[in-house]
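Shown next, in structure tokens, is the structure this report addresses.
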Amino acid sequence: MAAEVADAVAGGRPVVALESTLLAHGLPSPQNRAAADELEAAVRRHGAVPATVAVLDGVPRVGLSPAELDRVCGGGLVKLSVRDLGVAVGLRRDGATTVAATAALAQAVGVPLFATGGLGGVHRGARDSWDVSADLAALAGTGVLVVCSGVKSILDVSATLEVLETASVPVLGYRTDAFPGFYRRDSGHPVPWRVDTPADAAAVWRAHRALGSPAGMVLAQPVPPGDELDAGLHDRLLDEGMALVARRGISGKDVTPALLEHFHAASGGASLRTNLALVRANAELAAQVAVALASAGRHP
Ligand code: PSU
Ligand code: MN
């Protein structure tokens, strides 16, 4: 753990973990490096300590220096989900952590809150491919509060919400009654619960933990209205991206990065703007919730 993060955790001060797969595999270079700084600055602006999570030289790291962020954003890192953590440590590798792996590492050092763009979920066609993100299983068993913009619209949103329900993971809309769809504000599905303030989100999280649930929680915030991707453009990119993935035989953990890359490459920068805006907003909200949690006592 970085010294600043360790101090904040020990003192019960607000900390927000940030995942590194979205930097290494979800955003193009060199914009990813600027985004890494921007996300950390957004967390600080709202009074919390940022802790970007990755595995470097086989060591799980919570809180990275600027030089370490350079490595994360410089290309060549593998994408690590939870099952890959032991392998990366044992073989002394570098890797970027997904939502699932970030949750595991953050919780292990007492940081229950983190921000990302979009959760992984059930992929379209999962009935045949069995492609269900490990993010869902991780949320079922890891006590972390994830602030995100719902799940990526490239997924089967309805099936993903069903799995979260089965796993007893609370899903809260932040100032919305609609479950957000990452690039779009409304995925077409309602959220089971809504909160309108960081204090209410913090109160729900504390109660959820106090009642003994082992599960995490999803706080879903839609992308700011001005940054939403145009609906027609979105649908076209999605159809093209799905066809491209099928044509090239892309599968497993390469599917999500390939789809995001297609969006970025084929939208003339529009999807990148949307993606950056939503992760920034999520980092800000996560910091506000972290502050609310810390002011009401130590993190549960
Ligand atoms: N949010 C983004 N970009 C991303 C991701 C989230 O804005 O690239 C990443 C997260 O790390 C998440 C992963 O865990 O996508 C899901 O990958 P998969 O579908 O292979 O489980
Ligand atoms: Mn997958």
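When we follow our numbering, the leftmost residue of the sequence shown carries the number 194, and every step to the right adds one.
We put the beta carbon where it would ideally sit given N, CA and C, even for glycine.
Owing to the predicted nature of the structure, the values given are computational and were not obtained by experimental measurement.
For residue i, three-class secondary structure by DSSP
{"i": "Trp386", "result": "strand"}
{"i": "Pro417", "result": "coil"}
{"i": "Arg163", "result": "What is shown of the chain runs 194 to 493, which leaves residue 163 out entirely."}
{"i": "Thr214", "result": "helix"}
{"i": "Lys345", "result": "coil"}
{"i": "Leu337", "result": "The amino acid occupying residue 337 in the given sequence is Val; Leu does not appear at that position. In this structure, Val337 counts as coil in the three-state DSSP scheme."}
{"i": "Leu262", "result": "helix"}
{"i": "Ala199", "result": "helix"}
{"i": "Leu249", "result": "strand"}
{"i": "Arg226", "result": "helix"}
{"i": "Ala244", "result": "strand"}
{"i": "Arg206", "result": "coil"}
Counted within 10 angstroms of its Cβ, other Cβ atoms place residue i as buried (16 or more) or exposed
{"i": "Val484", "result": "buried"}
{"i": "Ala227", "result": "exposed"}
{"i": "Ser444", "result": "exposed"}
{"i": "Thr359", "result": "exposed"}
{"i": "Arg473", "result": "buried"}
{"i": "Asp510", "result": "Residue numbering for the chain in the displayed model covers 194 to 493; residue 510 lies beyond these limits and cannot be assessed."}
{"i": "Arg378", "result": "buried"}
{"i": "Glu355", "result": "exposed"}
{"i": "Pro391", "result": "buried"}
{"i": "Ala235", "result": "buried"}
{"i": "Pro253", "result": "buried"}
{"i": "Leu284", "result": "exposed"}
{"i": "Pro373", "result": "buried"}
{"i": "Ser222", "result": "exposed"}
{"i": "Gly343", "result": "buried"}
{"i": "Leu404", "result": "exposed"}
{"i": "Gly419", "result": "exposed"}
{"i": "Ser213", "result": "buried"}
{"i": "Ala476", "result": "buried"}
{"i": "Trp323", "result": "exposed"}
{"i": "Ala244", "result": "buried"}
{"i": "Ser488", "result": "exposed"}
{"i": "Ser351", "result": "exposed"}
{"i": "Gly204", "result": "exposed"}
{"i": "Ser258", "result": "exposed"}
{"i": "Trp386", "result": "exposed"}
{"i": "Ala498", "result": "Nothing about residue 498 can be reported from this structure: the residues present for the chain run from 194 to 493 only."}
{"i": "Gly366", "result": "buried"}
Close-in-space but distant-in-sequence residues of the same chain around residue i (CB under 8 Å, 5 per side omitted)
{"i": "Ala327", "result": "Ser274, Val275, Arg276, Thr291, Ala293 and Gly313"}
{"i": "Val297", "result": "For the record, residue 297 in the displayed sequence is Ala; it is not Val. Once the five neighbours on either side are set aside, the close Cβ partners of Ala297 are Val275, Leu278, Ala331 and Thr335."}
{"i": "Ala451", "result": "Gly434, Leu437, Val438, Arg441 and Ile443"}
{"i": "Gln300", "result": "Thr335, Gly336 and Val337"}
{"i": "Asp423", "result": "Ala463"}
Same chain, Cβ closer than 7 Å to residue i, neighbours up to 5 away in sequence not counted
{"i": "Gly240", "result": "Pro207, Ala480 and Val484"}
{"i": "Pro557", "result": "Here the chain covers residues 194 to 493 and nothing more, so residue 557 does not appear."}
{"i": "Val202", "result": "Val208, Val302, Gly303 and Val304"}
{"i": "Gly409", "result": "Ala296, Leu332, Thr335, Gly336, Val337, Leu338, Val339 and Val362"}
{"i": "Ala281", "result": "Val248, Gly251, Leu273 and Gly288"}
{"i": "Pro407", "result": "Gly334 and Gly336"}
{"i": "Ala470", "result": "Val416, Pro417 and Asp420"}
Contacting residues, own chain, Cβ-Cβ under 6 Å from residue i (five flanking each side not counted)
{"i": "Thr369", "result": "Pro415"}
{"i": "Leu453", "result": "Gly219"}
{"i": "Asp349", "result": "Val315 and Arg317"}
{"i": "Val482", "result": "Pro391, Ala394 and Ala395"}
{"i": "Leu270", "result": "Ala217, Asp287, Gly288 and Ala289"}
{"i": "Lys345", "result": "Gly311 and Phe375"}
Below-8 Å beta-carbon distance, residue i vs any chain C residue
{"i": "Glu477", "result": "The structure shown contains no chain C; it is built from a single protein chain."}
Entirely enclosed beta strand (DSSP E) segments - the region 268 to 320, minimum 3 residues: 271 to 273, 288 to 290 and 306 to 308
Complete alpha helix (DSSP H) runs within the region 346 to 383 (minimum length 4 residues, chain order): 350 to 359
Length-filtered (3 minimum) beta strand (DSSP E) runs lying within the region 392 to 474: 410 to 413
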